[in-house]
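To keep things clear, I will list the structure first and then write my remarks on it.
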Ligand code: AHR
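Numbering (this note's numbering), first residue to last: 86 to 643.
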């Protein structure tokens, strides 16, 4: 990255003619030719740092035309994932009816209240890798089999949280059920019987068993995951082998709920890609090519994609890090945009009408386990960096709203990039939780394109767009804007010209904190919490100042 001094703002800006091909990469061959200029810029930077502190806010102009609308931002992109993993389910959700922690039928009340505020659209359960070793009969009735959880720490799985408890939890928080069935070590028959158990209203043996276990009415299952990562922990299958499994499960695993026959039909989600490279394009090609010629006897409504922000060889720390790790992680997370584009393009080839949704049903930051925690429990901290990471991912999903119609952050409580962390009776809401709360107005809102020249934030050899932004109109026609300032050092003055509406006033909230690695703890739970931000509207222009490293959501009154 090369720099020059912007004389107007008296700050360092990327040189307009010497930008890398993409926002985040610089090609090795360009490095040599830029070396001299970079050295010069580095020298200038030092001189400037000595002579004048860089406090001037950067100015970014946005243009929003509210009369031009795009696809609906499906509320299901704000889905969550709760796997039997570490303290995600046990302790995080389930404490049991005899616990001293206030609960309703064993499900902790504090967690339910916090999640209700997020309007969680759906919860994916029971896994993850756990799903492909899960046998549903272990988790029903008064006598639960005690089994093992070999994927995640090899600990005891008491099966006290099973089908009825999960459905109760989903109902308590007002979410739909996204159930993943066992393709890896199960059979189509086992999965078919589970669905019959959950959904039939007819007096079959399984229906009577469900009623005897306390739920006479059929359950609504909104989403069915047919396997999980079948290319890896879900059975190490080849694309062709998985395809024949998919066809079989898609046909036999039926939803009998009378209320889900003509309307609200259960959507079937096939396993899709888990990264970049030919292995994953082959997988998407195989499934989507078959879909193009599918017959009446099998069908899918979605293709899953998993993408973690992770360096598998040297996992980043989730706390106690600095600007270098901040910039690297954000650079890494932005790559999901290209991944979605790549797999969407394959899907477009075989499904130009976009009937099959892309479901990014595992995403988020995956860092090194916290010292002293069981490494199999995937315990990590959640910092301001994660809030910004979440906003960037949600914005990318929103920009792909025509194809990305579902996503599930991994995971809901106490695992990976969690919304909530608990320790016995204590609970704390994470920075990521607050981002999901601030984005509630974007659920099912209609995408409105925003154009802007983001400028650049650079650190070392990492160059990132300084700001990111999306806009949408909610069901009442109200315009909402989200603007992220990625730059951890400089504020940004936003001037947004609004057309297509008569804007009168604006109000909003911003989320930031003193440091890129600021976290909320049980003792200091409000270090990273939203606070009101003032925005001005005058002459069709909205102006507001973004604090460094912040996520801001504003609504515009007409
Ligand atoms: O979310 C943790 C694990 O990551 C899931 O079980 C698996 O699907 C993925 O590899």
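For each residue, glycine too, the CB sits at the ideal point set by N, CA and C. In this text, all values refer to a predicted model and were calculated from it rather than measured experimentally.
Asked, Found
"Assigned secondary structure, residue 343 (DSSP; H/G/I helix, E/B strand, else coil)", "helix"
"Whether residue 311 touches residue 264 by CB criterion (7 Å)", "no"
"Check whether residue 269 and residue 317 have beta carbons under 7 Å apart", "no"
"Residues near residue 460 in its chain [Cβ-Cβ closer than 7 Å; skip 5 each side]", "454"
"Residue 446 - containing beta strand (DSSP E), residue span", "442-450"
"Residue 229 in three-state terms, based on DSSP", "coil"
"Bounding residues of the beta strand (DSSP E) (the contiguous stretch that carries residue 475)", "Careful: residue 475 lies outside any beta strand (DSSP E), inside the alpha helix (DSSP H) at 469-484."
"Residue 647 CB to nearest heavy atom of the ligand AHR below 6 Å", "Given that the chain is displayed from residue 86 to residue 643, the structure contains no residue 647 and the question cannot be resolved."
"Residue 495: CB within 6 Å of a non-hydrogen atom of the ligand AHR", "yes"
"Residue 461 CB to nearest heavy atom of the ligand AHR below 6 Å", "no"
"Limits of the alpha helix (DSSP H) - the one that residue 700 falls within", "Residue 700 cannot be examined here, being either before or after the span of the chain that is shown, 86 to 643."
"Straight-line Cα distance separating residue 599 from residue 525", "25 Å"
"Three-state secondary structure (DSSP) of residue 638", "strand"
"Cα-Cα separation, residue 465 to residue 496", "11 Å"
"Segments assigned beta strand (DSSP E), at least 3 residues, entirely inside the stretch 491-541", "505-508, 511-514, 531-533, 535-537"
"CA-to-CA distance, residue 194 to residue 579, given in whole angstroms", "40 Å"
"Proximity to residue 357 [Cα-Cα], best of 445, 641, 229, 402", "445"
"Check whether residue 209 and residue 166 have beta carbons under 7 Å apart", "yes"
"Proximal residues to residue 643 (C-beta, below 7 Å), its chain only, five neighbours per side dropped", "586, 587, 588, 589"
"Residues near residue 626 by beta carbon distance below 8 Å, same chain, minus five either side", "580, 581, 582, 583"
"Through-space distance from residue 435 to residue 177, alpha-carbon basis", "41 Å"
"Residue 126 (DSSP reduced to helix, strand or coil)", "Note that residue 126 scores 43 on pLDDT, short of 50, meaning its location in the model is unreliable; the coordinates nonetheless yield the value given after this. If DSSP states are grouped into helix, strand and coil, residue 126 belongs with the helices."
"Check: residue 642 C-beta below 6 Å from any heavy atom of the ligand AHR", "no"
"Exposure label - residue 521; buried when at least 16 CB within 10 Å", "buried"
"Limits of the unbroken alpha helix (DSSP H) element including residue 327", "324-337"
"Per DSSP, the bridge partner or partners of residue 234", "240"
"Rounded Cβ spacing between residue 500 and residue 173 (contact assumed at less than 8 Å)", "4 Å"
"Beta bridge counterpart(s) of residue 577 as assigned by DSSP", "143, 631"
"Bridge partners - residue 310, DSSP secondary structure assignment", "265, 354"
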